[in-house]
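Colleague: Here you go, one structure.
Number of protein chains: 2
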Amino acid sequence: MVKKIDVTKFSNFMNPCRKTQIIIQPIMRGGIVPEEVQKKLFEEGWMRVGYAICYNCLEGRSDRISKPPVDDFLTNLADFFGGDFAEHTFASRAAQFAVMKTIADEISEDSKNFTDIVLTDPLCHYTTAVAAEMAGLKLIGVPHSGYPDYKVEPDSYIERVESIKKETGKLPALIAVTHVEPHYGNLNPVKEIGKIAREYDIPYMVNAAYTAGIFPVDMKDIQADFLTVSAHKSMASIGPLGFLITNDEWAKKVFKESLMKIDQPERILGKKMVNVFGCSVGGLPLISAIYSFPYVIERVKRWDEELKKARWFISEMEKLGDIFLIGDRPHNHHLMHFETPIFWEISKHHKRRGFFLADDMIKMGIVGLHRGLSKHFKISLYGLKWEEVKKVRDAFYYIAQKYVTEFKLNYEVPSNEELP
Amino acid sequence: MVKKIDVTKFSNFMNPCRKTQIIIQPIMRGGIVPEEVQKKLFEEGWMRVGYAICYNCLEGRSDRISKPPVDDFLTNLADFFGGDFAEHTFASRAAQFAVMKTIADEISEDSKNFTDIVLTDPLCHYTTAVAAEMAGLKLIGVPHSGYPDYKVEPDSYIERVESIKKETGKLPALIAVTHVEPHYGNLNPVKEIGKIAREYDIPYMVNAAYTAGIFPVDMKDIQADFLTVSAHKSMASIGPLGFLITNDEWAKKVFKESLMKIDQPERILGKKMVNVFGCSVGGLPLISAIYSFPYVIERVKRWDEELKKARWFISEMEKLGDIFLIGDRPHNHHLMHFETPIFWEISKHHKRRGFFLADDMIKMGIVGLHRGLSKHFKISLYGLKWEEVKKVRDAFYYIAQKYVTEFKLNYEVPSNEELP
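Those protein sequences? They're chains A and B, same order as listed. Read the first sequence against my numbering and you will find it ends at 420, with the numbers running on by one and no gaps. Read the second sequence against my numbering and you will find it ends at 840, with the numbers running on by one and no gaps.
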């Protein structure tokens, strides 16, 4: 028998971040949904039903629906990223899986030239590894330069391809590179790697989950065969939703239709695309991505200003003392990873230990630091107004000053007034 | 270069079904989101950001988040369906894939007893076939009785298991049955099939996408190892979202953690669950499912009343003349499939051809008939108030009367006044 369930906790829980707080969590900043889009979704009644986009589905394929304009949206999205063909997927991870599955099918049909290895960047997102594992592929990374830069050289891809060739007599089945990696926000040399992939004739996937929708990305320019995109990470959209963009050649394979039959009585499934679960539903997230698309088209043009904010913030944080950025210098992305020995020192004296930092920030209306961490943290200020960026800077200064004084620590934190 | 994109069409499109229309599309009725849930989602600011649930994620696994109460919700959900363990997935199709993948791994490790065949019901949802295809498994269906009942006998599973055994010397790797199939709304004999699966010791999956959250479902009672659920189809939730519920024994396998390593430098992925993409994000759909859960718990208790509505509607429609239900009689589900020669006859005279029916219904505020169909259609009135059910009945009578008169057809449609 089913137990009695206490339902009050499911009716009454609240959002830790309702309306006015400043969000600084790096996986969230690119997925902030414009207020007018939220309003449209609510007021147009798109939240009324789970299958929000399926009223006028004639073909059993969400990508072919024209009311709302999913078909037009996907066509324009492919264009926007320099590709021939786009499909929506459950998330970038599902897009990556579709690619890996296609590659696995390719080599199982023709294993003469390619071995079951995906060559990737050493700091790739975990979803690249999971997608490879789901598709039964192995993963090999190139090396990075280690602390504190974690730099990856394009030539290391050549070296690794050669060593794989030497060992197996074959090429890796895919080169899969994270456009900007999620640990330090380092921009990978995707164009140079694209050139290498082209020279060896190895299929090339770029996971642009952190970049597509943030700054201009053109897959032709980087010679990518596949671009995987996260709508909730970088296209101002409700999640889960991703996109897979590809060229005409690969579209036939990666978006192939089902061959499945159920015999006796025989039924054929027709148009359903195997590698993306037949049809990826879409729902409210897809509506939100379409509404946000005009906004995303505009915001990528303002990337310079966004980068200026990040770099300004880095220099301000480093002036605080005993705080420094890890990763690319100058930095090329909004995701920043700081080492913060000063906060680590404070945590040793604080009764909340490492939790003091995120907790104090929350009290000041700033949410999204990973709770418990004080030795180092990741942060993003993408899309915030300058006064909000300054407010975040001021909050770190305030917290540092407060505890340095309280615990009589051997630091000299400049006062905010000294700063521009 | 990226072409200039005309963005107005992406900013200004409207919802064909905003607030007041009656929805009768069978895949939608179980996924109508309660108005108070829509309001909470909007007003609590859950639409503010794509990664809506990740503020307090400490472990990189959405299922372990306690604020909002995802962990508690999943525990209670497993209980609610008589299982030991529940995970959220991108949709029921992704839950089915996780099962198929697990089964494929099982037989690749031990192919002595099982062959790579999934035995399924002949009218299974296409996602079952796609999931099998994605996992590299074959699919074989049992026969049904054909037009007009499409009945499936439990014994046909025994016969098919025996014939597979005879042919391959092995058992099918999985029996996968759609609890209620999506074509005629027929209730499959899941309990009897469960007994058969148990006797042969074949793993057993029930796809409850159309039933879990509609009427009480207890997987222990039907002896299922896996229950796949669709939140947007039958749990009053925004999509895409599904659940996979299983027992302790299978949970270890289907939700196994990643073994993937990226060498040089070595990185291990730790807690990410391979078969569900590491972590299934959740986002706004998951929040909506939690808010709707108390409502779903209550509504399954009122199933008798819902079934009464469906059966009343069937008898009313059949009184109209030259309309009849296909599938189970008496009917056991809210999904109804009617053959409607009378509307087919009208369509031959109508300048809008088969489109007249859905179009006329829309004009009367009733949306969700498949546009273009008039020879037969699927419909559901689940969760509608009695006066709305009657309004739908009246609309069909009105349309029939109008065109029978206008086109001088040889039908006698009773007037509404004659009806109770």
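Think of the CB as a built atom: it goes at the ideal place given N, C-alpha and C, for glycine as much as any other residue.
Please list, in chain order, the chain B residues whose beta carbon lies closer than 8 Å to that of E133/A.
Modeller: Chain B residues near E133/A: S678, L679, M680 and V694.
Colleague: Determine the burial state of H769/B: buried for a count of at least 16 other Cβ atoms within 10 Å of its Cβ, exposed for fewer.
Modeller: Looking at its Cβ environment, which holds fewer than 16 other Cβ atoms inside 10 Å, H769/B is exposed.
Colleague: Are the beta-carbon atoms of A596/B and F534/B separated by less than 8 Å?
Modeller: Not in contact: A596/B and F534/B (Cβ atoms no closer than 8 Å).
Colleague: Going along the chain, which residues of its own chain have a beta-carbon closer than 6 Å to the beta-carbon of E153/A, five neighbours each way excluded?
Modeller: Closer than 6 Å at Cβ, skipping near neighbours: no residue.
Colleague: Can you tell me whether G450/B is buried or exposed, with buried defined as 16 or more other CB within 10 angstroms of its CB?
Modeller: Burial call: buried.
Colleague: DSSP three-state call for M421/B: helix, strand or coil?
Modeller: Because the pLDDT of M421/B is 46, which lies under 50, any placement of that residue in the model is unreliable, and the question is left without a value.
Colleague: Does the pairing of the region 510–521 of chain B with the region 574–590 of chain B give three or more beta-carbon distances under 8 Å?
Modeller: Not touching, per the Cβ criterion.
Colleague: Assuming K303/A and I379/A form a contact by the criterion Cβ under 8 Å, report the distance between their Cβ atoms to the nearest whole angstrom.
Modeller: For the record, residue 303/A in the displayed sequence is Trp; it is not Lys. About 18 Å; that fails the 8 Å criterion.
Colleague: What does DSSP give as the partner residues of P592/B in its beta bridges?
Modeller: Answer by DSSP bridge pairing, in chain order: T535/B.
Colleague: Can you check whether the CB of G465/B is closer than 8 Å to the CB of N15/A?
Modeller: Against a cut-off of 8 Å, the Cβ pair of G465/B and N15/A comes out as a contact.
Colleague: List, in chain order, every chain A residue whose beta-carbon is nearer than 7 Å to that of F433/B.
Modeller: Under the 7 Å cutoff, chain A gives P68 and P69.
Colleague: According to the Cβ coordinates, are V581/B and L539/B closer than 8 Å?
Modeller: Contact: yes.
Colleague: In terms of residues, what are the limits of the alpha helix (DSSP H) holding F243/A?
Modeller: Note, F243/A: premise wrong, no alpha helix (DSSP H); beta strand (DSSP E) at G242 to T246.
Colleague: Since I believe V274/A is in contact with K256/A (beta carbons under 8 Å), could you give me their beta-carbon distance rounded to a whole number of angstroms?
Modeller: Confirmed, Cβ separation roughly 6 Å.
Colleague: For T522/B, which residues in the same chain have their Cβ closer than 7 Å to its Cβ, ignoring the five residues on either side in sequence?
Modeller: If we look at T522/B and ignore the five residues flanking it on each side, its Cβ neighbours are K673, V674 and N695.
Colleague: Which residues in chain A sit within 9 Å of P436/B, going by Cβ to Cβ distance?
Modeller: Residues of chain A passing the Cβ test: Y55, N56, K67 and P68.
Colleague: Say whether chain A places a C-beta atom closer than 8 Å to the C-beta of Y817/B.
Modeller: Not closer than 8 Å to any Cβ of chain A, the Cβ of Y817/B fails to qualify, so no.
Colleague: List in chain order: all unbroken beta strand (DSSP E) runs of 3+ residues lying wholly within the region 2–76 of chain A.
Modeller: Runs found: none.
Colleague: Excluding the 5 residues preceding and the 5 following V33/A in the sequence, name in chain order all residues of the same chain whose CB lies nearer than 7 Å to its CB.
Modeller: Excluding residues within five positions, the ones whose Cβ falls inside 7 Å are A236, S237, I238, S288 and S292.
Colleague: Can you name, in chain order, every residue of its own chain whose Cβ lies under 6 Å from the Cβ of K402/A, other than the five neighbours on each side?
Modeller: Correct list: empty, nothing qualifies.
Colleague: Count the other CB atoms within 10 Å of the CB of M1/A; is the residue buried (16 or more) or exposed (fewer)?
Modeller: Confidence is the limiting factor: at M1/A the pLDDT is only 46, short of 50, which leaves the residue's position unreliable, though a coordinate-based value still follows. So M1/A counts as exposed.
Colleague: What residues in its chain sit with their C-beta under 8 Å from that of S835/B, if we drop five residues either side in the sequence?
Modeller: Hits under 8 Å: Y817 and Q821.
Colleague: Is it right to say P182/A is buried, meaning 16 or more other beta carbons lie within 10 angstroms of its own, or is it exposed?
Modeller: The residue is buried, with at least 16 neighbouring Cβ atoms inside 10 Å.
Colleague: Nearest by alpha-carbon distance to K271/A: which of E36/A, R64/A, R393/A and T8/A is it?
Modeller: Taking only the C-alpha atoms, the option nearest K271/A is R64/A.
Colleague: Give the C-beta separation of A651/B and P714/B to the nearest angstrom, bearing in mind that I take them to be a contact with Cβ-Cβ under 8 Å.
Modeller: In fact, because the Cβ distance is near 14 Å, the residues do not count as touching under 8 Å.
Colleague: Do M756/B and A730/B come within 8 Å of each other at the CB atom, strictly closer than that value?
Modeller: Closer than 8 Å, so yes.
Colleague: Cβ atoms of V809/B and F733/B: under 8 Å apart, would you say?
Modeller: For F733/B and V809/B, yes; Cβs fall inside 8 Å.
Colleague: How is G792/B classed by DSSP in three states: helix, strand or coil?
Modeller: The answer is coil: DSSP assigns G792/B none of H, G, I, E or B.
Colleague: Would you say T535/B reaches chain A, if we count a Cβ-Cβ gap shorter than 8 Å as a contact?
Modeller: Closer than 8 Å: no.
Colleague: CA-CA distance, H88/A and D748/B?
Modeller: For H88/A and D748/B, the distance between alpha carbons rounds to 37 Å.
Colleague: Per DSSP, what are the beta-bridge partners of A400/A in this structure?
Modeller: Answer by DSSP bridge pairing: none, since A400/A is not bridged.
Colleague: Who are the Cβ neighbours of V720/B in its own chain at under 6 Å, not counting the five residues just before and after it?
Modeller: Cβ within range, chain order: F635 and P636.
Colleague: Going by beta-carbon coordinates alone, are M47/A and Q458/B separated by less than 8 Å?
Modeller: In this structure, Q458/B lies closer than 8 Å to M47/A by Cβ.
Colleague: Got a sec? Which residues, its chain only, sit under 6 Å from L689/B by beta carbon, not counting five neighbours each side?
Modeller: Around L689/B: S678 and M680.
Colleague: What three-state label does DSSP hand Y157/A in the structure shown?
Modeller: Helix at Y157/A.
Colleague: With H, G and I counted as helix, E and B as strand and the rest as coil, what does DSSP make of K378/A?
Modeller: The answer is strand: DSSP assigns K378/A an E or B state.
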